Each structure stands twice: as structure tokens, then as C-alpha cells.
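Accompanying notes for the structure given below.
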Amino acid sequence: MASEAPNLAKPPAGDSADQDAGLLLLPPTQYVPPLTPTNTAQAPDKAATAASARPSELPPVPSPATTDLGPAPEFHFTFPDRLRGWDKSVAVWLQENNKYFSGVAASAVVFEGERVLVLQRAPHDSMPLQWEPPGGGVDPEETILVGCARELWEEAGLVARRVVRVVPPPGSQDGDGVEREDREDRDLGIPFSNRTGDKFYYKFTFEVEVEDAEAVRTDPNEHVGWMWLTEEEVENCRTSNGSAVSFTMSSVRKQLLGAFDLRKAA
1 MASEAPNLAK
11 PPAGDSADQD
21 AGLLLLPPTQ
31 YVPPLTPTNT
41 AQAPDKAATA
51 ASARPSELPP
61 VPSPATTDLG
71 PAPEFHFTFP
81 DRLRGWDKSV
91 AVWLQENNKY
101 FSGVAASAVV
111 FEGERVLVLQ
121 RAPHDSMPLQ
131 WEPPGGGVDP
141 EETILVGCAR
151 ELWEEAGLVA
161 RRVVRVVPPP
171 GSQDGDGVER
181 EDREDRDLGI
191 PFSNRTGDKF
201 YYKFTFEVEV
211 EDAEAVRTDP
221 NEHVGWMWLT
231 EEEVENCRTS
241 NGSAVSFTMS
251 SVRKQLLGAF
261 DLRKAA
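Quick note on UniProt numbering: the sequence shown kicks off at 1 and runs consecutively.
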């Protein structure tokens, strides 16, 4: 087993990175009802669309959001050697991998037992009241892994203990249909544009272990609540009480399912 590298990093001063973070994970979109596919460049997911179209007597009941996150902690997390390719600043990573994106975003998949964390977007934001894992834009001076840890703290109040693995984008399978995480890191992201479609970014998704999964807290300016979903609930886009769950994009749902598969195969 490869030794794990510690990452001892202080969060960047100020909050300027958040000013654009909400744009980095979004495809071009205008306001539409939450059940309408918002990424016209991406074919709608049939299971997600069917589940969302079915009537539900009860909406999903997220845990309430709070704002008292306090100061950001220093980040002391470890990661395996196979993730060293992301222990680089955005500028260095883009240059080394011959990518010409405007920036990089990172998303964190967090498990508690057999359930995964998702956050519900604020009603005043794009893709209102839809669900996603915590994530956002990586600041230029940060490494990609530190950016993932920072976004996890800022959006969910959780402290990263270990970055476990990269979660490949949907469709990154070998001949047996098994998700691969040993591909070149430059091929393991998903491209996205900003709202106006004039800038493009690259998003990576990582499975992250946290110090205390019960300490979830969110900012209602960005997310109005959160909940933990089982694999079956993600698959069916429906909670155990029968309420439909609409993800921000079909690729988000598929990537979460891929994360479940990777955990079972580990």
C-alpha cells in the first residue's frame, strides 16, 4: 500500500474565491422550473427524468441550514500517492496537462456508512432547490486538493481528514464496464461553462473522508439544507418516503453512483 502524503495548508485569506465559485460548476442555463433539464448539451437522464416527473405527496425534507461556521480551520489531510497529480496549483496543473480552461473546480463526495451527502441549492440561485454534493471553484494559488477541502468546509462545514480517490466522470469504464480511476488525471474531469457560456472550467470529483460527518452545516445563501441518501435513493432519484429528488445534472447522479461502485470494489 502506497504511503500517504500529509497536506498541511492554511486556507487562503479573504473570501474572494467565493465570488465566482457558484459559476464554476454550472452549465449555461437560464431560469427554468426545477424539473426541466438545465444542460441542453447533455442528454437528460431517463431514470432521473422519470422519477422527477412522478407526483410526490411529500417533498424531500432536508436538514435546516445554518450560518455559524466560524473561522475556516487549517487543512491537515492525507492522500495516497496516486493523487499527487492533483497536489498542484491550478496554473501548474493546466500547463502540465495542456489544458486551456479558465479554471478548475472540485467536488467532494462524502459518505456516512452507506449514505452519501447532498446539498440543496438555494431557491434564488440557478438550478433552484436541486441537489448536488459540496464543491466549487479552486482558487488559483491553491492546490486542487486543498481547494476541494476548502469548498467542503465552506459549503458543508466538514473538515477533510483524507482524500481517498478521484471519482471518474460517467462513462469512464474499461471493457468490463467497471469505473476506472487509473486513467491519466487529465482525462478524469468534466468540462463546464459559466452561465454566459464564454468561459470553460474543468471539474474533478474526489471521495473525501471527514473528521465528523455529523457536523454538517450549510449557508442558506448557497444551500437551504442537506440530507444523506442511500445508493438506492440516488439510483431512483427518490427518498425512502417516496419524494422525488432532482439533481442539478444527470451526470451528478451517475457520478455519485460511480462513487458507490468504487467503494464496493475497494
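By construction, the Cβ of each residue, glycine as well, lies at the ideal position given by its N, Cα and C atoms. As the structure is a prediction and not an experimental result, all values here were calculated from the model.
- The Cβ neighbour count for S63, taken over all protein chains shown within 10 Å, is under 16; the residue is labelled exposed.
- Taking 9 Å as the cut-off, the beta carbon of H223 is found closer than this to the beta carbon of L119.
- P73 and V159 have their C-alpha atoms spaced approximately 8 Å apart.
- Around the Cβ of T196, a 10 Å sphere holds fewer than 16 other Cβ atoms; the residue is exposed.
- With a cut-off of 8 Å on Cβ pairs, the region 207-218 is not in contact with the region 95-106, counting fewer than three such pairs.
- Check the Cα spacing between E132 and each of A106, E142, N97: the tightest is with A106.
- For a cut-off of 8 Å, the C-beta gap from F204 to F192 is around 11 Å, too long to register as a contact.
- If you look at G147, you'll find it in the alpha helix (DSSP H) that goes 144-156.
- Among the bridge pairs identified by DSSP, W226 is matched with S63, L119.
- If you draw a straight line from the Cα of P123 to the Cα of N97, it is about 37 Å long.
- Selection L257, V252, E235 evaluated against G135 yields V252 as nearest (Cα-Cα).
- Within the model, the alpha-carbon separation for V234 versus L257 is close to 7 Å.
- Nearest neighbour of A265 by Cα position, chosen from L229, N241, R165, G85, turns out to be R165.
- DSSP assignment within the region 82-136 yields the following whole alpha helix (DSSP H) runs of 4 residues or more, N-terminal first: 90-96.
- Judged by beta-carbon spacing, T78 lies within the 9 Å limit of A5, meaning their Cβ atoms are closer than that value.
- Under the three-state reduction of DSSP output, E211 falls in the coil class, being neither helix nor strand.
- A156 places its beta carbon 9 Å or farther from that of T248.
- Beta-bridge analysis with DSSP links F200 to S193.
- Distances from the alpha-carbon of W86 to those of R115, D187, P128, E112 put D187 closest.
- Partner residues in the beta bridge of E4, as assigned by DSSP, are P80.
- Residue pairing from DSSP places R162 in a beta bridge opposite T78, E209.
- For a cut-off of 8 Å, the C-beta gap from S243 to P60 is around 5 Å, short enough to register as a contact.
- Looking at the backbone, the Cα of V167 and that of G225 are separated by about 24 Å.
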